[in-house]
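A.B. asks: First the structure, which I've put down as structure tokens, then a few questions once you've had a look.
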Amino acid sequence: EQLKHEKDEL
Amino acid sequence: MNFFRLTADLMHLLSIFVLLLKIQKTRSCSGISFKTQLLYAVVFVTRYLDLLKWISLYNTLMKIFFIASSIYILYLMKIKFRATYDPSQDTFRIEFLLGACLLLALVFNYTFTFIEVLWTFSIYLEAVAILPQLFMLSRTGEAETITTHYLFALGAYRGLYLLNWIWRFYTEHHIDWIVWVAGAIQTALYSDFFYIYYKKVLHGQKFELP
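See below:
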């Protein structure tokens, strides 16, 4: 599982 | 960026403009919970500690707008239109929300660092920040129509983010459990409000609790 949480959302 | 996310962000912007319009037009902040607005200011300040990290012009401008407008609203409520704010209607205990969200952020986070824990805290806090406002609404039992438009836009913003996450899951395999769970709870909190808004306000009636 890829924990991809780049903070690109507001 | 996709259609749902862009529309969601625009609804979020719209909600803030509607709130500012309500305060400026009626020259009053009656019916608005200062506590909810305070929590939103805390949410934006703690979430956007990465303000200087470049993602896009859109991202940076929106962050600046959300921080600045939330603090401006606090100024309007606490200083400019202070006389129109009735603290006896705004009695929700936010200490519990702040404490519980901080505790949850310390336990359930992606990485145990200062910035990351505060970011997680802001996500949890945003999910429940509307509670003082909804509590105030349930106490007074009615609301000005423009205030309900504000709440609708704010709720729609979160609802649209749910669609955005579903979209991103299928198109980018984007996964973010913390944001998903908090966002789902946040949207669910609006369900009663949405129902009454649909039943009454959209049919030209005043917003009144049954």
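Residue numbers (our numbering), protein chains in the order written: chain X, 1 to 10; chain C, 1001 to 1210.
For each residue, glycine too, the CB sits at the ideal point set by N, CA and C.
Please read these numbers as outputs of a predicted model, since none were measured by experiment.
1) Between M1062 (chain C) and chain X, is any beta-carbon pair separated by less than 8 Å?
2) Could you check the C-alpha separation between D1009 (chain C) and E1126 (chain C) for me, to the nearest Å?
3) How about I1055 (chain C): is its C-beta nearer than 8 Å to some C-beta of chain X?
4) How about F1096 (chain C) and F1135 (chain C): do their beta carbons lie closer than 8 Å?
5) What first and last residue would you give for the alpha helix (DSSP H) that runs through P1210 (chain C)?
6) Can you check whether the C-beta of L1002 (chain C) is within less than 8 Å of a C-beta belonging to chain X?
7) Compare the beta carbon distance of F1081 (chain C) and T1148 (chain C) with 8 Å and say whether it is the shorter of the two.
8) Applying a beta-carbon distance threshold of less than 7 Å, which residues of chain X neighbour N1109 (chain C)?
9) Please list, in chain order, the chain X residues whose beta carbon lies closer than 8 Å to that of D1009 (chain C).
10) In chain X, what lies closer than 7 Å to D1050 (chain C) by C-beta?
11) Inspect the beta-carbon positions of Y1157 (chain C) and M1001 (chain C) and report whether they are closer than 8 Å.
12) Could you please give me the residues that DSSP links to A1143 (chain C) through a beta bridge?
13) Please state the DSSP three-state secondary structure of R1093 (chain C).
14) Nearest by alpha-carbon distance to F1065 (chain C): which of C:L1076, C:L1051, C:L1151 and C:A1182 is it?
15) On the DSSP letters alone, give me the boundaries of the alpha helix (DSSP H) that G1183 (chain C) sits inside.
16) Can you give the beta carbon distance from A1226 (chain C) to V1043 (chain C), rounded, assuming they're within the 8 Å contact cut?
17) Does the beta-carbon distance from D1086 (chain C) to S1033 (chain C) come in below 8 Å?
18) Determine the direct distance from the alpha carbon of Y1150 (chain C) to that of I1016 (chain C), and round the result to whole angstroms.
19) Shortest alpha-carbon distance to Y1048 (chain C) belongs to which of C:C1029, C:S1028, C:S1070 and C:G1031?
C.D. replies: In short:
1) As a position in the second sequence, residue 1062 (chain C) is number 62, starting the count at 1. Chain X, which has a Cβ nearer than 8 Å to the Cβ of M1062 (chain C), makes this yes.
2) Locating residue 1009 (chain C) in the second sequence gives position 9, counting from the first residue. Locating residue 1126 (chain C) in the second sequence gives position 126, counting from the first residue. Each residue's Cα considered, the two are about 15 Å apart.
3) For the purposes of this step, residue 1055 (chain C) is taken as the residue at position 55 of the second sequence. By this cut-off, I1055 (chain C) is an interface position.
4) Here residue 1096 (chain C) corresponds to residue number 96 of the second sequence, with the count starting at 1. Here residue 1135 (chain C) corresponds to residue number 135 of the second sequence, with the count starting at 1. The answer is no: Cβ separation not under 8 Å.
5) Reading the second sequence from its first residue, position 210 is the one you call residue 1210 (chain C). Where P1210 (chain C) is concerned, there is no enclosing alpha helix (DSSP H), given that its DSSP letter is neither H nor E.
6) Residue numbering aside, residue 1002 (chain C) sits at position 2 when the second sequence is read from its first letter. Residue identity differs from the one stated: residue 1002 (chain C) is Asn in this sequence, not Leu. N1002 (chain C) does not count as touching chain X.
7) Working through the second sequence from its first residue, we reach residue 1081 (chain C) at position 81. Working through the second sequence from its first residue, we reach residue 1148 (chain C) at position 148. Their beta carbons are not under 8 Å apart, which means F1081 (chain C) does not touch T1148 (chain C) by this criterion.
8) The sequence position of residue 1109 (chain C) within the second sequence is 109, counting from 1. Neighbours of N1109 (chain C) on chain X: none; closest Cβ ~11 Å, over 7 Å.
9) As a first step, residue 1009 (chain C) is located in the second sequence; it is residue number 9 there, counting from the start. Here the neighbours are L10.
10) Position 50 of the second sequence, counting from 1, holds the residue named residue 1050 (chain C). Ordered by position in chain X, the residues that pass the 7 Å Cβ test against D1050 (chain C) are K7.
11) Taking the second sequence and counting its residues from 1, the one referred to as residue 1157 (chain C) is at position 157. Taking the second sequence and counting its residues from 1, the one referred to as residue 1001 (chain C) is at position 1. It is not a contact, given that the beta carbons lie outside the stated cut-off.
12) For the purposes of this step, residue 1143 (chain C) is taken as the residue at position 143 of the second sequence. For A1143 (chain C), which the question treats as bridged, DSSP gives the partners C:F1207.
13) Start at 1 with the first residue of the second sequence, and residue 1093 (chain C) comes out as number 93. The answer is coil: DSSP assigns R1093 (chain C) none of H, G, I, E or B.
14) Translated into positions along the second sequence, residue 1065 (chain C) becomes position 65. Per the Cα distances, C:L1051.
15) Here residue 1183 (chain C) refers to the residue found at position 183 when the second sequence is read from its first residue. W1177 to L1189 is the extent of the alpha helix (DSSP H) around G1183 (chain C).
16) Past the edges of chain C, shown from 1001 to 1210, lies residue 1226 (chain C), and the structure says nothing about it.
17) In the second sequence, the residue the question calls residue 1086 (chain C) occupies position 86. In the second sequence, the residue the question calls residue 1033 (chain C) occupies position 33. Contact: no.
18) Within the second sequence, residue 1016 (chain C) is the residue found at index 16, counting from 1. Within the second sequence, residue 1150 (chain C) is the residue found at index 150, counting from 1. Roughly 7 Å separates the two Cα atoms.
19) Sequence index remark: in the second sequence, residue 1048 (chain C) carries index 48 (1-based). Of the listed residues, the one whose Cα sits closest to Y1048 (chain C) is C:S1070.
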